[in-house]
Structures are given as structure tokens and as C-alpha cells.
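From first to last, the protein sequence lines are chains A and B. Under the working numbering, the first residue of the first sequence carries the number 1, and numbering increases by one thereafter. Under the working numbering, the first residue of the second sequence carries the number 1001, and numbering increases by one thereafter. Beta carbons are placed, not taken as given, at the ideal position from N, Cα and C, and that holds for glycine. Bear in mind that the values here come from a model prediction, so they are computed numbers and not experimental data. What follows is a short report on a single structure.
2 protein chains.
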Amino acid sequence: MNSHPLDQAIALDTLAPGRYGGHTDPAWANMVGPFGGITAATALNAILQHADRLGEPVAFTVNFCSALADGDFEVEAQAVRTNRSTQHWAVSIEQGGETVLTATALTATRRETWGAQELRPPQVLSPAGLGKPQMAALVEWVKRYDLRFAEGPIPRVWDGEGENSRTTVWVRDEPPRPLDFASLTALCDVFYPRVWRRRATRVPAGTVSMTVYFHAGSAELAAVGDGWLIGQAEASAFRNGYFDQRAQVWSQAGALLATTHQVVYYKE
Amino acid sequence: MNSHPLDQAIALDTLAPGRYGGHTDPAWANMVGPFGGITAATALNAILQHADRLGEPVAFTVNFCSALADGDFEVEAQAVRTNRSTQHWAVSIEQGGETVLTATALTATRRETWGAQELRPPQVLSPAGLGKPQMAALVEWVKRYDLRFAEGPIPRVWDGEGENSRTTVWVRDEPPRPLDFASLTALCDVFYPRVWRRRATRVPAGTVSMTVYFHAGSAELAAVGDGWLIGQAEASAFRNGYFDQRAQVWSQAGALLATTHQVVYYKE
């Protein structure tokens, strides 16, 4: 068994075709329950492990119906439609007979076509030049990443004096781990709540729905290896208890690997 | 019965709690099957009509598993989790025993909180100043909208000389209709394929997954009435058969009503 903390956390036992058992991992604890990114990666892993899978993930949407309780859970993954080169999936996670997560995914066999990348990575100092944040992790899962903030680090002073919602950050797994769809999915949720940045006020906040579009296949992800990625995240609007976050993740070489969006509940 | 073409197209007959019958409408025909936006609006409508619904749509993701065939279809909408102020939905559309669409949604009762809008609308000429495009609609559904392009109209000459993927366009229902969640959902899919713009080449393309985040409640949408909306859409990357589209829709007064994303299949 691979002993990397990410692989341990997303590990699933096959109970029946399309049914898996998993359990939360204290190494990935958030304030309440586990880090949403690792739960999303676990849900994707149920598809990745499925014997009937066709192709690789292209789009993945996960809805957090409630905080997972620490302990065991069951994952169900079902191919609801299989076409010639695409497949649509429905995934759910249950705890104690209650649905705690729903997800849908598109997997596809991709072939080479004309291509173009319009969105370029931000130009910032190198990870080494930026160095590690001089502040203790607020929650356990943050220690599973090496984060080097170029812009918009988590506020040190909660003085209500935020200006915008943007964060630009180098990130890689800690310890380093070769990139794949599961780890990229978790990484897409690595940005702390935009409302904290915008307001410099630590209000309760939690992701309720997250979508990831994968712009690279497994070979391209493998080629990135355990190198640095650069991510940028920003909100469009905060309104009546919910805000959105749009984010992009590039390789250090500048290839756009994923675009990701989420809607986040906040209080006050 | 409301006789607006949009209401006719999304109309559903209740067959049983959570089960509805609908049928495609030639007024909304696309190249193959109906316009994806109207199908998405129909799927959302199953939730909006559901007796058990709590609150209003906040997030909605729809996956197009295959093109709908012209004719009847059945919609199933199920509340998979109901919390105090939020509810998670699973929706599917079937034709001839096959799943042709899956969707998930979050509805919620929203209350007033601190808020801020970061993303401002583009500054462009007025709809009257821009005027209607001097070109026939390629497909029937386009006639259901009044579109006034400020930037990136559908190419008139397919000469392979596109430069970027951005379109900025004023839009409203034709004939005008008071805005609501269903019509806003359909509007989120009004942008023609970004690959056509980027390449000025008309390759086969079709949306496979679309997400809409609603930044306004029903009262705010009703206040917009049948006024103009302005939308902007752009791709981040085109690669090996799939590209993404990120888009925003504002009211003429500048309120961000929806942010929306989709991943689109393309050929060649």
C-alpha cells in the first residue's frame, strides 16, 4: 500500500461492484469533519477504481450535503450512461443511512485535436523566493500542503480591512507526491474561504458545491510529477449567505491543468 | 396557461410526486435535438414545481448525457437531503428507458448578510446603439432571443482567422418575458460555442456539462423584469476534444445575477 497521506485518506475497500467502504482520516481534519478537497478526491476515486470506467475524468461536480462525521462511510458510484467515447457517472456518499455527498462526473477517452490555451499563469516570484508562511496552520489538513503565497495569504490580523478576494499561491503535496486526478481534485479546494480574504473577518464558511474541469489527461499530469503548481482563486460576488469562487491551477511550466468553481455558504 | 414560448417549452405534467412528463418543442430546436439551455431550464423546473422544495436555487449542475430526441421525455426530481435551510436535489431525464440528462442542485432559504460584488459588467454601447445582427439565425432557438453583440458575434466568414474566444452580448427573451430562475438558466447557455469564435471555423461542438450559480433571489430577478441583461463568455483552454467556458450575466443596472461554467466537446 502506498503510504502517502493522500493515498491513505482516499483509500476505498470494494464491498460490491460500485460500492465501497472508506473512513475519514484525522490527518485531513478540517474545523468540522474532513477537508472538503479530500472528500471530493475520495468520491472521484470511486469512479477511478470502478471496473467499468471508460476514459478519464473531464468534468466533476461534488455537492456537500452535510459535514462528514469522523468515522466510516460508504461510497456508491454508478455509470448512468455509457456512450462510444464518453460516460456519465452518479456518485453518493452515505453515513448512517443519510446522504452526505452527491456527485456527477463525465469521463471520456480523449484524442488529439487542435488546441489552444488562452488563460496564462500569473507571473510571480518563485516558491523558493516566497518561502513558507510564518504562521501556524489553523487546521490539520493545511499541513498536508506546502503553500507559498504570492498574493492574498490567509490574514494574520482579522481587522475587517480586506480589499479584494484574490489569492495567488504555489502549492504542492507535503510530502511531494506525483500528480494525478485525485490529488489535483483535492488541490482545487486548497484556497481558504474568499470571504475571509475579502473581509479580513473570520466568519463561518463552508463549500456546498464544487466543480472541476480537467484540461489535461493522466499522461500530462504524470509528466508534472511532484513539481509545484500555481493556483489563483477569486470571488465574483458575496450575497445573502453565499459567494462563488473561480480558480485555476497551472503547472510550473504554465500548462492549465484545471479550472474549478465552487459556491460557499457564509454567515453574517 | 402562460403562452410565452419559454413557458410552453419547459411545461411539465405531474405524473406522480417528483415525476413529470414533458416534450421537446420545435420552437427551441438546435442542430440536433433542443437547445441545451431550454433542456436545463426544464430540469430546473422539475425542482421549482416540486411540492417539497425548500428555498430557491443557489447552484445547479446539468450533464447532457446524449442529445434529446424530438418527442416526449420523463423528468424525475428527488430531494436527497433536506437540512434546516438547504436542500440537495438529484434530477434525471429519461427517454425510452435511457438516461439522457443528470443534474444536481442546491436550493436554500437565503437571508440578508453582508455582501459585495467584485465582478463589474463590461462597459459597452447600449442595445439600441448596437442593433440586431445582420445575419439569419443558424438554428431555430436563436430566434427566441434578442441578441445585441458588443464583441465577438458569431463569425460571418469562416476563414480560420479567429483571435480570442470572448463574446460580450446584450440579451433578452424574444418576446420579452419577466426574468426568473428558469429563464436565467436558459440564458446561461446562450453563447455559441467558443471554439467557433476562437478558430472562426465551424467544427461540431456540444455542451456536456453546465453549472449555474445564482447570485440573486426571485425578488431580485423579478425586479429586473423583462429588461436587458449583459453576458460575457470566454474559454480558458481548448485541448484534446474539450474546452471550458466561463460566463457571467448581469442586469442592465450592473447586478451580477449568475456566474456559469460549462465544458464543451468539440471535434478536430
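What number of angstroms, rounded off, separates the C-alpha of residue i from the C-alpha of residue j?
i	j	result
residue 170(A)	residue 120(A)	15 Å
residue 65(A)	residue 242(A)	15 Å
residue 1130(B)	residue 1062(B)	33 Å
residue 256(A)	residue 1262(B)	16 Å
residue 248(A)	residue 260(A)	6 Å
residue 1027(B)	residue 221(A)	44 Å
residue 56(A)	residue 215(A)	11 Å
residue 1043(B)	residue 128(A)	49 Å
residue 213(A)	residue 167(A)	20 Å
residue 1114(B)	residue 1085(B)	18 Å
residue 1245(B)	residue 1190(B)	12 Å
residue 1207(B)	residue 1039(B)	12 Å
residue 1238(B)	residue 1003(B)	40 Å
residue 1006(B)	residue 112(A)	38 Å
residue 228(A)	residue 209(A)	26 Å
residue 252(A)	residue 1080(B)	40 Å
residue 1267(B)	residue 1192(B)	15 Å
residue 1088(B)	residue 1029(B)	30 Å
residue 133(A)	residue 180(A)	26 Å
residue 1124(B)	residue 110(A)	38 Å
residue 1230(B)	residue 1258(B)	11 Å
Looking at the strands, I want to know which residues DSSP matches up with residue i.
i	result
residue 1251(B)	1229(B)
residue 34(A)	29(A)
residue 1062(B)	1103(B) and 1210(B)
residue 1021(B)	1013(B) and 1074(B)
residue 1149(B)	1169(B)
residue 1056(B)	1108(B)
residue 1256(B)	1250(B)
residue 116(A)	1238(B)
residue 291(A)	Nothing can be reported for residue 291(A): it is not among the residues displayed for chain A, which extend from 1 to 268.
residue 40(A)	Paired residue(s): none; residue 40(A) is not in a bridge.
residue 1090(B)	1078(B) and 1104(B)
residue 205(A)	266(A)
Taking the continuous beta strand (DSSP E) assigned at residue i, which residues delimit it?
i	result
residue 1173(B)	1167 to 1173
residue 1084(B)	Where residue 1084(B) is concerned, there is no enclosing beta strand (DSSP E), given that its DSSP letter is neither H nor E.
Just tell me which of the options has its CA closest to the CA of residue i.
i	options	result
residue 1154(B)	1144(B), 1030(B) and 1202(B)	1202(B)
residue 1232(B)	1010(B), 1080(B), 1147(B) and 1006(B)	1147(B)
residue 1020(B)	1165(B), 1107(B) and 1047(B)	1047(B)
residue 270(A)	1114(B), 1090(B), 1234(B) and 1079(B)	Missing from the structure shown is residue 270(A); chain A here goes from 1 to 268 and no further.
residue 188(A)	60(A), 71(A), 49(A) and 37(A)	37(A)
residue 151(A)	13(A), 174(A) and 126(A)	126(A)
residue 1106(B)	1097(B), 1116(B) and 1090(B)	1090(B)
residue 15(A)	209(A), 49(A), 219(A) and 41(A)	49(A)
residue 250(A)	23(A), 184(A), 94(A) and 80(A)	184(A)
residue 1194(B)	1240(B), 1264(B) and 1258(B)	1264(B)
residue 273(A)	175(A), 83(A) and 54(A)	Any property of residue 273(A) remains undetermined from this structure, which presents chain A solely from 1 to 268.
residue 197(A)	217(A), 149(A) and 22(A)	149(A)
residue 52(A)	83(A), 223(A) and 23(A)	83(A)
residue 165(A)	223(A), 186(A) and 236(A)	236(A)
Apart from the five residues just before and just after residue i, which ones in its own chain have a Cβ nearer than 6 Å to its Cβ?
i	result
residue 1225(B)	1178
residue 1033(B)	1067 and 1068
residue 254(A)	121
residue 1137(B)	1143
residue 1211(B)	1061 and 1261
residue 1078(B)	1018 and 1090
residue 1172(B)	1146 and 1228
Return the first residue and the last residue of the alpha helix (DSSP H) that residue i is part of.
i	result
residue 96(A)	That residue, residue 96(A), is in no alpha helix (DSSP H); it is neither H nor E in DSSP.
residue 199(A)	194 to 199
residue 185(A)	181 to 187
residue 224(A)	218 to 224
residue 128(A)	127 to 130
Can you find the residues in the same chain that come closer than 8 Å, C-beta to C-beta, to residue i, ignoring five residues on each side of it along the sequence?
i	result
residue 156(A)	135
residue 1092(B)	1075, 1076, 1099, 1101, 1102 and 1103
residue 108(A)	54, 55, 56, 58, 85, 86 and 87
residue 218(A)	56, 180 and 181
residue 25(A)	5, 8, 9, 34 and 38
For residue i, which residues from the same chain have a beta carbon less than 7 Å from its beta carbon, with the 5 sequence-adjacent residues on both sides left out?
i	result
residue 1031(B)	1139
residue 199(A)	160 and 162
residue 1045(B)	1010, 1012 and 1182
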